[in-house]
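Step one of this worksheet: look at the structure below.
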Amino acid sequence: MPSAVPSTDEPGGSGKAPARSKRVDAQRNQQTLLTAAAAVFVTSGIDAPIREIAARAGVGMGTIYRHFPTRADLVVAVYRHQVEACAEAGPVLLADAGSPLTALRRWVDLFVDFLVTKHGLANAMQSDSSGFQALHTYFLDRLVPVCAHLLDAAAEAGEIRPGTQAYELMRGIGNLCIGRDGDPRYDPRRLVALLLQGLQRPQPS
C-alpha cells in the first residue's frame, strides 16, 4: 500500500507550493511595475506623476506606494532594474544580432534609455550621497564588463578599431546625454550614433 504523502493544500501539508507561487507572482508584478516606471521616466522624466506610472503598469497607485513608499525608493529600484536589464541584454544581443557591431549599437540604445533615469537619481536621493555612490559602483561593476565584451567582439570581427576602452566609451555617451534634460531640441541619440560611427573601421570598397 503506497504511503500517504501530505498535499500542500491539505491539513498537515507544507504549503510551500502556494507560497512559492505567490512569491513568483509578486516578483513578476514588481518587474512589470518597474518596467512601466522606467518607460515613463524615459518619456516624461524622473518627476512624472505616480498615476502615470500606475496607469502604464495597470495597477492602482496604492500598489506602487505599498512597494515603494517614497519616490526615491522607486527611482533606486528602477535604476537597479535597468542595470540588470542592460547587463543581461549584452550576451543575448551578441548571440542574436547579425553582427557584434549591431549588438553594440542596440546595447548602447538600452544604455541611453538607462542614462535618462540615472541623471535624476541624485536629486531623487537628495542627501544620501553614500547610497548614490554605492549604486554608481554597482553600475560600473555590472556594465563595464558587458560593454567591454561587446567592444572586443566587434574589434575581433574587424568592425571597429581596436583600443577603445569600455569605461571611456560609456563616460563619453553619458556626457552626450546630459544636455537632454534642459533642451528639447537636443537629441543625444544622433550624437551617440555619430560617436559609434567614428569607432568603425573603414571597410574596403
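Convert by adding 104 to the 1-based position in the sequence shown; the result is the number in the working numbering.
Here a beta-carbon is modelled for each residue, glycine too, at the ideal position from N, C-alpha and C.
Predicted, not measured: the structure shown is a model, and the values here were computed from it.
| Item | Value |
| --- | --- |
| Looking at the structure shown, is Gln304 part of a helix, part of a strand, or coil, going by DSSP? | strand |
| Comparing C-alpha positions only, which one of Pro288, Pro204, Tyr290 and Pro249 sits nearest to Gly262? | Pro204 |
| Do you know offhand how far Thr241's Cα is from Leu247's? | 10 Å |
| Identify whether Ile150 lies in helix, strand or coil by the three-state DSSP scheme. | coil |
| Would the region 251-259 and the region 173-181 be scored as touching if the rule is three or more Cβ pairs under 8 Å? | no |
| Assuming Phe145 and Val220 form a contact by the criterion Cβ under 8 Å, report the distance between their Cβ atoms to the nearest whole angstrom. | 6 Å |
| Given Ile277, which residues of its chain have a CB within under 6 Å of its CB, disregarding the five upstream and five downstream residues? | Val296 |
| Return the CA-CA distance between Gly149 and Ala207, expressed in angstroms with no decimal places. | 27 Å |
| How should Leu298 be labelled, buried or exposed, when 16 other C-beta atoms within 10 angstroms of its C-beta is the threshold for buried? | exposed |
| Return the Cβ separation of Ile157 and Ala181 in integer angstroms, given the expectation that the two are a contact with Cβ distance under 8 Å. | Contact doesn't hold; Cβ gap of about 12 Å is too wide. |
| With a CB to CB cut of under 8 Å and the five nearest residues on each side skipped, what residues in its chain are close to Val212? | Ile277, Val296 and Leu300 |
| Could you pull the start and end residues of the alpha helix (DSSP H) that Phe172 belongs to? | Neither: Phe172 is in no alpha helix (DSSP H) and is coded neither H nor E. |
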